[in-house]
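> Okay, handing you the structure first.
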Amino acid sequence: MVRPNRRAAPRAGSTSPSDADQRSEHAAATLAAGRFREAIELYKALLKVERRAEWVDGLAASYAGRANDLAEKGMLPEALAVWRNRASLCGKPLVEGRYIEWLVRSGDHAGALSAVAAQGDEAAGSTASEREARLAAFALVASPGALATLSADSLLCRHRAAALAALAACGRGDLAELEVHLRAIPYRSPYRDLRFVFKALLLVQRDPAQAGELLARVAPDSPFEKLAAVARAAILPGNRWLVALLDLDAEGRQLLFALKGCPENRRALMLEVAQIVRRGTLPKPGEILDLLLPKWRGVPGVAFLCRRLLPHAMQRVRAYEAAYGRLSEAELASTQALADGIDGYHGSARKHWLAAVTAFINERQPLPAALILRHLSTWRLHASAEEPFDAQRAAWLQHSLELDPDDRATHVRLIRLLRQKKDLKDARAAVEAALARFVNDSEILLEAVETALAGNAFKKAVSLATRLLELDPINSQVRAAIGQAHLAHARKQFKAKRLEAMSKEIDLAEKWLLTPAERGRARLLRGLSNNTPEATLLLRTAVSELGGELPATLHLLLENARLGGEPAAALRRAAISTARTPTAREVVAALHVIGTTGKADNRHLVSALRVLQAPLKRAAQGEFTSAELVAVCETWLRRGENVLLRVYAEAGLRHWPGMPALVYLRARALYGRNAYFHLPEAEERALDRASERAEKDGDQRTVQRIRELLAPPVSYNDAFDDDEFDDDPGEEGDGDGRAGGLPSMPELIRMLKSMLEMADPADVINLARAFVPDADFRRLQRTAGSNAQKFARLLIDYLSPGVDNASGPAPAPPPTHAPNAGSRPPEVDDRQGRLFDD
C-alpha cells in the first residue's frame, strides 16, 4: 500500500525564515510606535529562537525606552532595574545614557560615584565631566571613603578642596576670602555654579538685586539648584518668600529661615502661616486665633496680637482666657465695646465703653478711662432729643480732663466746643483751667483770645493777644487777632454811637494789621462809619484797593452787614452797580473772600450773596477753565447756594457736556442730598453714564459721590456731619438753612405701602430706617422678632399717625436688659476710630 507523502512538522521552538522576518518586522514596528513593554516581550521571544545582533539591539532599545518612560513618571527604582536588565541581557554598558542622573535623583549618590569611577578611561571626555558635575553637591559632603573609588585626576577630587574652603568662607560671611577660593574653581569644574550661589547668599540682605543677577546664571539642571532655590526665595519681595518656602525640602526650609533671621521656636508657626498665604485669601480673625491660641502662646507678641483680634471673634474669649488668664472687667468691657462697634451696634458699644470707663477708674487706671471718653466725644451716633450730642461731648471731655488734666489737645477741644455751644461762661472757666496748667502755651492763649472775642470782651482779647505776641513776635495769626479785636471793638463803639472812640480803635487796629487786604477792610470800616464827603472818598479808595470789583463789593457788603447798614445805601456811596457782570477772574478771586470768612460772619455772608445773586448768575457765562468752574460749584455746594450751583453747573455742561463732576453737581442742585426719592429715570441714566466715565478717568471721588446720591439713606444719623464744630450751611440745606429734598410724609407712607406689596420687606425696612429714630427702630424690631413682613408693617404704622391715623401703635415697654447681638439692628458708621489701633 502506497502511503501519501507528508511534510515533516517543524520542531517545537523553531520558526521558518519567513515567519521570523515577519515577527522581526512586527517587533520593530511595535518599538517604533513607542509600545516598549510589548516590544520587550516580542524581542525576548525572538532571541529565544536565535541571538541575532539586530534583535539584541532592538531589545536594548526597547529596554531604554521603557526605562525612560518610567523615569519620566518618577518611578526611578523601576527605571534603574530595567536599565540593569538592559545591561545584563543585552551586553550593553551599564554606565551610559541617563543612568548616573537617575542614581543621583533617586538619592544613591554612592552608587553614582562608583559608576563614575567604573567608567575608567571614558571619564576623560566632556560627557564624563558632565556626569561628575551631577555629583558635585554630594561630593562636598561625602566621606573620604566614598570618594576613594575616583581617580586622582577626577575633577570632583581636584577642585573639592577649593570648594570646601569657599563653603567655609561663605559660612563665616567673609566675602573677601570667598572671592579668593572661588577664583581657584575653573569654569569647567563640577563646582562652577558655587561661584554664583555662594556670592548670592552673602548678598541676600545687602544687595538683593545683585544676588538675583548672580542666581540667574545658575543652570536649571545644576547640582546646586536646590541651594540656588533657597537664595531665590530669600530675595523675593514682601511675603512671597513664605509661598516659596513650601516648595523647598526640609534642609532648604531651615536655611531659608536662617537667612530670614527666623528664630527656631517660630519656624513651625511660620510654616502654618505660609499655608494660609499660599491660599491667597485673607484669613478670618477667628481662624488666626484658632491657629495661635492652642500652640503658640509662648511666642513673644502673640498675646498682644490675640487681644487685638478678640473684638472680631468674641466667641474665642474663653479660649483666650484659658491661654492667658481672665480678662479684667475693664478689659472685657472695652473688648465688647470694640466688637459692637465693628458690628455696627453703636448704642450697645457706647454702653460698654461707659462701663469700661467706670471699671478702669475702679481699677485705678485713669488714663485708659480718659482715652475712652475722648474717643466717645468724636461720635455723633449717640445724639437724642433728650440729651443733645454737644452736651454729651462736653461732659465727656470735662470728665476726661478730670482723669488726665495734662492732655493739652483735650483742653483746646473743650474750649472750642463750649464756644461753639455759646456756653461762654463754661468756656471762660475752661480757658482759665487750661491757662493755669499751660501758662505760656500759644495755642491755649489763642483760644483764650477767641473766647474773649466771642463774649465781646475786646479789651481782654487785646490783652491776651499782646501777651501771646510777646511769646511769639512773628506770629501773624496773633497780630491779625489783635487787629481784628480792635476792629470788633470799633464796631461795638459804632453801634453805641461813640464815633470818636471807634476812630481810635481803628487807628490801633491799623498798627497791627499787616496785609493790604486787612488794612483795606479797616479803611472800609472807617468809610462806612460816617456820611461825610471825606468818608465817602475814603470808602471808594478802599474799594479800589481790595482786589477787583466783585471781591471788593463782597468785602463792602460784609462790613456793612456787621454794622447793620442797608446794602443799597452802601453800594451807592461806593459807586458800585450790581448791573455790571463780573468777570470769571473776579468770581474766582471772590472764592478766597468766601473761604476766609469766619463762621461768626456766616449770616452776613448769606445776606451779601443774596444781594449779589443776580450778577453772580450772569457771571456763570464767563471764560472759566473746567477746574475753576468745578471749584466755584463746590463753593456754592458748601454754602448751600443751590440756585447758583445749578446755574454754574449747567453753564459748565454747555462747555463740557457729560463732565462727571458737573453732572453730579447739577443733580445735587436740583434734587438735594435725598435725590433717591425724586430722581427721574432720565436723570438716573445720566448719572450712571457720568459714573462710568468717571471710573474710566480714575475720578473715584465723583464715582463715590454719585453712588451715594443714587442710594437710599442708610440711617437716621446720616444727616450729621462728623467734622468737628462744622456748622457751615450747604451740605445740610438748600440755601435757606433747611434740610432739603425729603419727600412729604404722605408721599413717604404711600411709597412704603406700595413697596411692601411689590418688593422685599427688607427694602421697605431700609427706606423707613431714614425716618425712624434709633430707639424706636430697635423697639419695633424687638416687637417683630424675626418676622420681616411684620417689622415693615410696624414701621409703616409708626410713620402713619400724623397722616391718616389719630394715634400710633402702643409703645412697647423699655427692655430691662441689653438686647442680644441677634436682636440689634446694625447701625452703619464708617467714621468710628479704633481705640486700640496703632
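Mapping to numbering that gives the first Met the number 0: the sequence shown position 469 is 468, numbers consecutive.
Here a beta-carbon is modelled for each residue, glycine too, at the ideal position from N, C-alpha and C.
(1) For Glu330, report the span of its alpha helix (DSSP H) as first-last.
(2) I'd like to check one pair, Arg22 with Leu58: are the Cβ atoms closer than 8 angstroms?
(3) Please confirm if the region 699-709 is in contact with the region 674-690, defined as three or more CB-CB distances below 8 angstroms between the two stretches.
(4) Using DSSP with H/G/I as helix, E/B as strand and the rest coil, what is Asp698?
(5) Would you identify the three-state DSSP class for Ala19, choosing helix, strand or coil?
(6) Have a look at Leu549 and Ala487 and give me their C-alpha separation to the nearest angstrom.
(7) Whose C-beta lies closer than 7 angstroms to the C-beta of Asp403 among residues of the same chain, with five residues either side of it excluded?
(8) Is Asn529 helix, strand or coil by DSSP?
(9) Short check: CB of Ala215 to CB of Leu193, under 8 angstroms?
(10) Can you give me the C-alpha to C-alpha distance between Phe195 and Leu213, rounded to a whole angstrom?
(11) From this set, Arg653, Ala500, Gly546, which residue's C-alpha is nearest Ser838's C-alpha?
(12) Taking the continuous alpha helix (DSSP H) assigned at Thr409, which residues delimit it?
(13) Using the C-alpha atoms, what's the distance from Ala338 back to Val587?
(14) What is the DSSP secondary structure of Ser576, reduced to helix, strand or coil?
(15) How many angstroms separate the CA atom of Pro222 from the CA atom of Phe197?
(16) So, are the CB atoms of Leu467 and Val448 less than 8 angstroms apart?
(17) Taking Val229 as the reference, give the member of Arg205, Asp220, Ile575, Phe256 with the closest Cα.
(18) Do Ala426 and Ile414 have their beta-carbon atoms positioned less than 8 angstroms apart in this structure?
(19) Are Leu553 and Ala569 close, meaning C-beta to C-beta below 8 angstroms?
(20) Using 8 angstroms as the cut-off, can you tell me whether the region 577-594 makes contact with the region 523-542, which would need three or more C-beta pairs spanning the two stretches below that distance?
(21) Taking 8 angstroms as the threshold (C-beta atoms), are Val642 and Gln612 in contact?
(22) For Ser188, is the classification buried or exposed, using 16 other Cβ atoms within 10 angstroms of its Cβ as the cut-off for buried?
(23) Using CA coordinates, which residue listed in Pro282, Val217, Leu664 is at the minimum distance from Leu200?
(24) Report the residue from Arg231, Ala208, Glu565 whose alpha carbon sits nearest the alpha carbon of Pro219.
(25) Roughly how many angstroms separate the alpha carbons of Tyr190 and Ala70, rounded to a whole number?
(26) Flag this pair as yes or no: are the beta carbons of His410 and Leu372 separated by less than 8 angstroms?
(27) For Glu558, count neighbouring C-beta atoms within 10 Å of its own C-beta (all shown protein chains included) and say buried if the count is 16 or more, exposed if not.
(28) Check Met501 in the structure and name its three-state DSSP category.
(29) Would you call Thr839 buried or exposed, if buried means 16 or more other Cβ atoms sit within 10 Å of its Cβ?
(30) What span of residues does the alpha helix (DSSP H) with Asp440 cover, start to end?
(31) Please state whether DSSP places Gln364 in a helix, a strand or coil.
(32) Compute the Euclidean distance between the alpha carbons of Asp56 and Trp101, then round it to the nearest angstrom.
(33) Let me know if Val900 comes out buried or exposed under the rule of 16 or more other beta-carbons within 10 Å of its beta-carbon.
(34) Within its chain, find whatever has a CB closer than 6 angstroms to the CB of Leu181; leave out the 5 residues flanking it on each side and keep chain order.
(35) Is the distance from the Cβ of Ala464 to the Cβ of Ala489 below 8 angstroms?
(36) Under three-state DSSP, which class holds Glu640?
Taking the structure as given:
(1) 328-342
(2) no
(3) yes
(4) coil
(5) helix
(6) 24 angstroms
(7) Pro365, Leu366, Ala369
(8) coil
(9) no
(10) 5 angstroms
(11) In the structure displayed, the chain extends from 0 to 837; residue 838 sits before or after that span and is not available.
(12) 407-419
(13) 48 angstroms
(14) coil
(15) 14 angstroms
(16) yes
(17) Phe256
(18) yes
(19) no
(20) no
(21) yes
(22) buried
(23) Val217
(24) Arg231
(25) 26 angstroms
(26) no
(27) buried
(28) helix
(29) This structure gives no information on residue 839, because the portion of the chain shown stretches from 0 to 837.
(30) Per DSSP, Asp440 belongs to no alpha helix (DSSP H) and is neither H nor E.
(31) coil
(32) 22 angstroms
(33) Since the first residue of the chain shown is 0 and the last is 837, residue 900 is not available in this structure.
(34) Ala165, Arg194
(35) no
(36) coil
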